[in-house]
Amino acid sequence: MEFFNQNTQIDFMQQKKHAMLFSILLTLISCSALWIYGLNFGLDFTGGTQIELVSPKTIAVDALRTRLKSQGFPDATVQIYGTAKHAMVRLANHPELTQEQLHTKIKQSAPHYQIIRLEFIGPQVGRALLNNGILAIIVSLLATMAYIALRFELRFAVSAAISLIHDPVLILGIFAFFQLEFNLVALAALLTILGYSLNDTIVVYDRIRENFRLFNKKSPAEIVNLSINQTLSRTIMTSGLTLLVVLALCLLGGETLRGFSIALIVGIVIGTYSSIYVAGALAVVLGLDRTSLLPKTKSSGTLQV
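At position 151 of the sequence shown the residue is numbered 161 (the numbering used here), and the sequence of numbers has no breaks.
Right, dumping it as structure tokens:
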């Protein structure tokens with residue numbers, strides 16, 4: 011039983027101009043959102059207070075979060091830490107409160123809980139985490155370009171790098187526009203999407219090189235079209251099934267994983283789109299041809315099609 015037609019003949023390259031204009035428009039909107047609204051950084055980056063609590067009974071996370079908000083901590087985040095009887099609470103900076111006053115308000119919010127640890131995380135730590143995250147993205151992009159340039163060709167490397175930049179910019183734009191909390195978990199999702207999108211792109215690139223060997227008379231645009239169509243069912247199945255899992259995570263995973271799952275949902279959709287329209291089409295625009303991928307001496311074993 012086939013869920014998708016294995017021999018689709020969609021002319022993706024005919025739509026490449028519209029797709030590129032669409033991508034440029036989305037990128038400009040995302041950059042504008044980042045410029046106007048900025049990212050709503052979580053406590054991981056802005057600093058704050060971290061409290062470890064223990065209870066004799068299983069902790070009700072939503073109830074504890076509600077009580078903390080009623081005590082004047084609207085940005086409180088609560089997550090289970092280790093066992094169901096341990097919780098980690100993160101609060102934003104409250105310079106008007108001394109450590110003793112903060113301790114008292116926490117006890118009022120959770121009278122049956124024991125405070126094991128209460129520590130302050132300065133903004134310098136958050137800034138270092140943010141800088142390390144940006145550095146990780148830059149290093150991954152450079153390493154990806156080097157890998158694709160060695161395995162395939164420089165135009166493929168440039169196309170893949172632009173595609174990989176395109177994806178996180180759109181995700182960050184959505185986070186900025188809707189003021190979703192951007193924390194370390196969301197940053198981890200962003201790095202995950204880079205790898206996910208790259209995997210789809212590599213599959214298409216590998217099929218393009220294989221088809222250049224098989225079809226001698228097809229133009230680069232026809233080869234790219236054929237390769238995308240041949241891998242389309244695999245791309246849709248992989249992305250669709252992954253999206254179902256992440257949707258379940260978004261709906262059932264709770265507040266702690268909300269930013270992570272939203273970033274993955276947006277990233278899977280955008281990454282699938284960019285691996286089809288951005289990475290492949292851009293390589294054709296940059297002048298991809300047969301001689302750049304195949305050694306000139308290897309002319310045997312091609313089909314005269």
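We treat Cβ as the ideally placed atom computed from N, Cα and C, and that holds for glycine.
Three-state class that DSSP yields for residue i in the structure shown
| i | result |
| --- | --- |
| residue 117 | helix |
| residue 61 | strand |
| residue 191 | strand |
| residue 37 | helix |
| residue 287 | helix |
| residue 94 | strand |
| residue 89 | strand |
| residue 209 | helix |
| residue 185 | helix |
| residue 315 | Because the pLDDT at residue 315 is just 46, under 50, the model does not fix this residue reliably, and the point stays unresolved. |
| residue 32 | helix |
| residue 55 | helix |
| residue 49 | coil |
| residue 296 | coil |
Nearest to residue i (by Cα), restricted to the options the options
| i | options | result |
| --- | --- | --- |
| residue 180 | 160, 203 and 193 | 203 |
| residue 235 | 113, 291 and 68 | 291 |
| residue 194 | 275, 268, 294 and 246 | 268 |
| residue 226 | 170, 299, 24 and 51 | 299 |
| residue 248 | 219, 265, 166 and 279 | 279 |
| residue 288 | 260, 81 and 32 | 32 |
| residue 150 | 35, 283 and 175 | 175 |
| residue 65 | 79, 52, 93 and 57 | 93 |
| residue 213 | 301, 122, 240 and 251 | 240 |
| residue 51 | 293, 277, 197 and 156 | 197 |
| residue 91 | 110, 69, 107 and 109 | 69 |
| residue 297 | 24, 169 and 53 | 169 |
| residue 53 | 34, 84, 26 and 147 | 84 |
| residue 38 | 146, 177 and 243 | 177 |
| residue 173 | 250, 265 and 34 | 34 |
Within 8 Å, strictly: CB atoms of residue i and residue j
| i | j | result |
| --- | --- | --- |
| residue 63 | residue 138 | no |
| residue 154 | residue 101 | no |
| residue 245 | residue 216 | no |
| residue 71 | residue 97 | yes |
| residue 271 | residue 207 | no |
| residue 143 | residue 57 | no |
| residue 295 | residue 230 | no |
| residue 112 | residue 104 | yes |
| residue 95 | residue 117 | no |
| residue 242 | residue 18 | yes |
Residues of its chain near residue i, where Cβ-Cβ distance is below 8 Å and the 5 sequence neighbours each way are ignored
| i | result |
| --- | --- |
| residue 182 | 40, 44, 49, 192 and 200 |
| residue 160 | none |
| residue 3 | Nothing about residue 3 can be reported from this structure: the residues present for the chain run from 11 to 315 only. |
Cutoff 7 Å; reference residue i; Cβ partners in own chain excluding five residues on either side
| i | result |
| --- | --- |
| residue 75 | 86 and 88 |
| residue 313 | Any reading at residue 313 needs caution, since the residue's pLDDT is 47, under 50, leaving its predicted position unreliable; the model's value is listed next. Closer than 7 Å at Cβ, skipping near neighbours: 224, 225 and 226. |
| residue 257 | 275 |
| residue 186 | 43, 44, 47, 48 and 49 |
| residue 263 | 271 |
| residue 252 | 278 |
Nonlocal neighbours in the same chain, by C-beta distance under 6 Å from residue i, ignoring five residues either side
| i | result |
| --- | --- |
| residue 140 | 55 |
| residue 221 | 233, 236 and 237 |
| residue 129 | 60 |
| residue 184 | 276 |
| residue 78 | 86 and 119 |
| residue 6 | Here the chain covers residues 11 to 315 and nothing more, so residue 6 does not appear. |
| residue 36 | 180 |
| residue 115 | 81 |
| residue 106 | none |
| residue 126 | 62 and 64 |
| residue 166 | 158, 215 and 293 |
Counting only runs of 3+ residues fully inside the segment 106-179, write out the beta strand (DSSP E) ranges in chain order. 124-131
List in chain order: all unbroken alpha helix (DSSP H) runs of 4+ residues lying wholly within the segment 215-271. 230-262
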